[in-house]
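Participant: So the sequence lines, in the order shown, correspond to chains A and B.
Residues 1 to 159, numbered by the working numbering, are exactly what the first sequence covers, in order.
Residues 1001 to 1430, numbered by the working numbering, are exactly what the second sequence covers, in order.
Ideal placement from N, C-alpha and C gives every residue a C-beta, glycine not left out.
Everything numeric in this text was worked out from a predicted model, so none of it was measured.
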Amino acid sequence: MTMRRVVVTIGNGYRRDDGAGLAVAERLRGRLPGGVELVECEQEPSRLIDVCDGAAAALVVDAVESGAAPGTLHRFDASAHPVPARLFRSSTHAFGVGEAIELARALGRLPARVIVYGIEGATFAAGEGLTEPVAAAVERVADAVLADVCNPEGDAAHA
Amino acid sequence: MGERRTIRTDYLARVEGEGAMTVRLQAGLVEHVELRIFEPPRFFEALLRGRAYLEAPDITARICGICPVAYQTSAVNALEDLCGVEVPEPIRLLRRLLYCGEWIESHALHVYMLHAPDFLGYDGAVELARDAPQAVERGLALKKTGNHVMAVVGGREIHPINVRVGGFYRAPSRSELRSLVEPLERAREAALETVAWTAGFEFPERNVECTLVALFDPDCYAIERGRIRSDSGLDLAPADYDEFFVEEHVERSTALHSHLRDGGTYLCGPLARFSLNHHQLSEPALQAARDAGLEAPCRDPFRSIVVRSVELVYACDEALRLIAAYEEPDVPAVPMQPVAGTGFGVSEAPRGLLYHRYRVDGEGTILDAKIVPPTSQNQRAIEDDLRDVVSRHVDLDDDALRGLCEQTIRNYDPCISCATHFLDLEVERG
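Below, the structure is given as structure tokens:
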């Protein structure tokens, strides 16, 4: 029996490094195992609540700004604890990823397992194209997401 | 010299995106109010130069994740105007249906997730959801129905890909649209409950004096097209926009402020639409407005949450009416031939009037573009309102005053994703 799992990538391709999540989606397309759904979410993260509905696990990818070196990969297990919402404030979505996750939790609609990947951006100015360190990080994030979804023990441990 | 006070917050939560606001008080008097906005539309205007005119709806849809349909619609209106094409009625009505989906999605997001917590004393929707989960679930369900309409008509929920200059790539079948009837009927009930809910909030009495500007369509409550009208007697074709509305650089700000040619401040959005066109609302929406004690004209920005709720009822009603009357168009789109010249397009984004202008050469290449989002147009009215609100409440402590400032800004549902980035609220009292 396969439980539905979702990978949700969030971003805006016209805000430089804010497009990191969407670039990760490009790397993942066609490579995810059966039963894992890929959802691209451009800009409006409250939609995350609906796309995660009924899923056993959700992996969320977004750009962040915490002051770390550009390209730094943050990984949070949000299954039981909130992600630091302030980290996601620069991703041009005021109703941010952190709030969407907490809202789902408050309503009892959060999947049992929630992993959030944050890619540290260098710039979120209007424009196209990722900066070099972020583009390099995209490959690593895609690999990490794949490793996560292909690790049934990880799911079983949290299911 | 009297006391000088300073209050700062890093950014303003619960407006779409982020921007910056500074309020400075000197001896109990408001010295300076500034809404700093960074404007992606300027970037998009540059991006559009040299691109094919048929690309405009797709590119401009990326300006905002909340109101892509508004950008697409103003863009196609402008380019069809340029080419002298009037789309057949079934295509126009399909656009209106798509736009209703966006109004439902955007208004539900703002009313429930962003604005209601202000009135109920919560920091945000998460805290509200802990105490009133049914209310928040109602808002999410409404929003989901709006997204559903956008997905069925537009092909995708965010950044609908089915819209093109001249019509649609593919027209939905009648049975596809019928699948929306039941969710929309439930949404209409939820919208009526929303009006009753928001009407019960407490409202400080406010009255803004500026000119109200909204589109007018003789046939219906204007959404996807119309002439530009004001409560002071303006009645313009979209092509005359630049003659009567002026954008000007403001000192200490990177933003362009819009005002009337005669220097007057104006406001667009739900208050203006309701005030000018309320008689065209559906009977259930009008009845809900009456029951909520709304009267036209409504110049109270705090009551905009009730007006948005009434517009939610209308958008559900109108979507159901359009679905019932839907005839599949013979062809999903009219063939287009580029024409050298300038085209003008407007529509009523959830936040208000959205103006597009394109100059195109005979090959269909865009030579220049101008995009004026509603939040840019409302910026001066927001600052005026904020100045007045602060001057009336200088006795409040810093936290309370900051909260009131934030609520004042949120009353306008500023789409900061379109109009600004990184909204820092600074109230300085030195």
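Helix, strand or coil for Thr-1145 of chain B per DSSP?
Facilitator: Reduced to three states, the DSSP call for Thr-1145 of chain B is helix.
Participant: From what residue to what residue does the alpha helix (DSSP H) around Val-1390 of chain B run?
Facilitator: 1374-1392 is the span of the alpha helix (DSSP H), which, as asked, contains Val-1390 of chain B.
Participant: Please work out which residues of its chain come closer than 6 Å, Cβ to Cβ, to Ile-1161 of chain B, disregarding the five sequence neighbours upstream and downstream, and give them in chain order.
Facilitator: Here the set comprises Gly-1155.
Participant: Distance, Cα to Cα, Arg-1042 of chain B vs Arg-1138 of chain B?
Facilitator: In a straight line, the C-alpha of Arg-1042 of chain B is about 37 Å away from that of Arg-1138 of chain B.
Participant: Got a sec? Which residues, its chain only, sit under 6 Å from Arg-1357 of chain B by beta carbon, not counting five neighbours each side?
Facilitator: The residues are Phe-1344, Lys-1370.
Participant: May I ask which residues mark the beginning and end of the alpha helix (DSSP H) holding Val-97 of chain A?
Facilitator: Per DSSP, Val-97 of chain A belongs to the alpha helix (DSSP H) from 97-106.
Participant: Can you check which of these residues, B:Ala-1296, B:Pro-1090, B:Val-1153, B:Leu-1109, is closest to Tyr-1326 of chain B by C-alpha distance?
Facilitator: Of the listed residues, the one whose Cα sits closest to Tyr-1326 of chain B is B:Pro-1090.
Participant: Can you pull the chain A residues whose beta carbon is under 9 Å from the beta carbon of Met-1113 of chain B, in chain order?
Facilitator: Under the 9 Å cutoff, chain A gives Ser-46, Phe-95, Glu-99, Leu-103.
Participant: To the nearest angstrom, report how far apart Val-1346 of chain B and Leu-1215 of chain B are at their CA atoms.
Facilitator: When rounded, the distance between both Cα atoms is 8 Å.
Participant: Considering only residues of the same chain and omitting the five flanking positions on each side of Ser-90 of chain A, which have a CB-CB separation below 6 Å?
Facilitator: Note that Ser-90 of chain A scores a pLDDT of 43, beneath 50, so its modelled location is shaky and nothing firm can be said.
Participant: Evaluate Tyr-1169 of chain B with the Cβ neighbour count: other Cβ atoms within 10 Å of its Cβ, from every protein chain shown; 16 or more gives buried, anything less gives exposed.
Facilitator: Per the 10 Å Cβ criterion, exposed.
Participant: Could you have a look at Asp-17 of chain A and say whether DSSP puts it in helix, strand or coil?
Facilitator: In the structure shown, Asp-17 of chain A sits in a helix (DSSP, three-state: H, G or I).
Participant: Looking only at its chain, what residues have a beta carbon closer than 7 Å to the beta carbon of Val-1136 of chain B, apart from the 5 residues adjacent to it on each side?
Facilitator: These residues qualify, in order along the chain: Tyr-1112, Ala-1125, Leu-1128, Ala-1129.
Participant: Within 8 Å (strictly less), CB to CB, does Val-1126 of chain B reach chain A?
Facilitator: True, the Cβ-Cβ gap to chain A drops below 8 Å.
Participant: Kindly provide the ranges of any alpha helix (DSSP H) runs that are 4 or more residues long and lie completely inside the segment 1065-1090 of chain B, ordered along the chain.
Facilitator: Qualifying alpha helix (DSSP H) stretches, in chain order: 1068-1083.
Participant: Shorter than 8 Å from the beta carbon of Asn-1147 of chain B to some beta carbon of chain A?
Facilitator: Answer yes: the Cβ-Cβ gap between Asn-1147 of chain B and chain A drops below 8 Å somewhere.
Participant: In terms of alpha-carbon separation, which member of B:Trp-1197, B:Leu-1234, B:Glu-1318 lies closest to Ile-1134 of chain B?
Facilitator: Reading the sequence as shown, one finds Gln at residue 1134 of chain B and not Ile. For Gln-1134 of chain B, the nearest C-alpha among the options comes from B:Trp-1197.
Participant: Give me the Cα-Cα distance between Gly-1415 of chain B and Arg-1351 of chain B, rounded to the nearest whole angstrom.
Facilitator: One detail in the question is off: residue 1415 of chain B reads as Cys in this sequence, not Gly. Going by the C-alpha atoms only, they are around 7 Å apart.
Participant: Starting from Phe-124 of chain A, follow the alpha helix (DSSP H) in both directions and report where the run begins and ends.
Facilitator: It is not in any alpha helix (DSSP H) - Phe-124 of chain A carries neither H nor E in the DSSP assignment.
Participant: Less than 8 Å between CB atoms is the rule here; does Glu-139 of chain A satisfy it with respect to chain B?
Facilitator: No - not a single Cβ of chain B is within 8 Å of the one on Glu-139 of chain A.
Participant: Does any residue of chain B bring its CB to less than 8 Å from the CB of Gly-121 of chain A?
Facilitator: Not an interface residue.
Participant: Where DSSP assigns a beta bridge to Glu-37 of chain A, which residues make up the other side?
Facilitator: In the DSSP output, where bridge partners are listed per residue, Glu-37 of chain A has A:Val-6.
Participant: Which chain A residues sit within Cβ distance under 7 Å of Leu-1140 of chain B?
Facilitator: The contacting residues are Ile-49.
Participant: At the level of alpha carbons, what is the spacing between Glu-1102 of chain B and Gly-1167 of chain B?
Facilitator: Going from the Cα of Glu-1102 of chain B to the Cα of Gly-1167 of chain B covers about 17 Å.
Participant: Taking the runs of the alpha helix (DSSP H) that are 4 residues or longer, which of them lie wholly in the segment 1258-1338 of chain B?
Facilitator: Within the segment 1258-1338 of chain B, the complete alpha helix (DSSP H) runs of at least 4 residues are 1270-1277, 1283-1291, 1304-1324.
Participant: Tell me the DSSP secondary structure of Ala-78 of chain A in three-state form.
Facilitator: If DSSP states are grouped into helix, strand and coil, Ala-78 of chain A belongs with coil.
Participant: Between the Cα of Leu-1322 of chain B and those of B:Leu-1093, B:Arg-1024, B:His-1278, spot the shortest distance and give me the residue it belongs to.
Facilitator: Looking at the Cα atoms, B:Leu-1093 is the closest of the given residues.
Participant: At the level of alpha carbons, what is the spacing between Val-6 of chain A and Val-51 of chain A?
Facilitator: Roughly 8 Å separates the two Cα atoms.
Participant: Measure from the C-beta of Phe-1043 of chain B to each C-beta in chain A and report whether the shortest distance is under 8 Å.
Facilitator: Yes, Phe-1043 of chain B lies at the interface with chain A (some Cβ there is under 8 Å from its Cβ).
Participant: Taking Ala-1052 of chain B and Ala-1075 of chain B to be in contact with their CB atoms under 8 Å, please state how far apart those CB atoms are, rounded to whole angstroms.
Facilitator: With 8 Å as the limit, Ala-1052 of chain B and Ala-1075 of chain B do not qualify as a contact, their Cβ atoms being about 13 Å apart.
Participant: Cβ atoms of Ala-1324 of chain B and Val-1306 of chain B: under 8 Å apart, would you say?
Facilitator: No; because the gap between Cβ atoms is not below 8 Å, this pair is not in contact.
Participant: Would you kindly work out how many angstroms separate the C-alpha atoms of Cys-1298 of chain B and Ser-1275 of chain B, rounded to a whole number?
Facilitator: Cα to Cα, Cys-1298 of chain B sits roughly 6 Å from Ser-1275 of chain B.
Participant: Could you compute how far the alpha carbon of Leu-146 of chain A sits from the alpha carbon of Ile-119 of chain A?
Facilitator: Roughly 16 Å separates the two Cα atoms.
Participant: Just mark His-1110 of chain B as buried or exposed, buried being the case when its beta carbon has 16 or more other beta carbons within 10 Å.
Facilitator: With 16 or more other Cβ atoms within 10 Å, it is buried.
Participant: With a Cβ-Cβ cutoff of 8 Å, do Ile-1223 of chain B and Tyr-1099 of chain B count as a contact?
Facilitator: Against a cut-off of 8 Å, the Cβ pair of Tyr-1099 of chain B and Ile-1223 of chain B comes out as a contact.
Participant: So if DSSP puts Arg-1174 of chain B in a beta bridge, which residue, or which two residues, is it bridged to?
Facilitator: Answer by DSSP bridge pairing: none, since Arg-1174 of chain B is not bridged.
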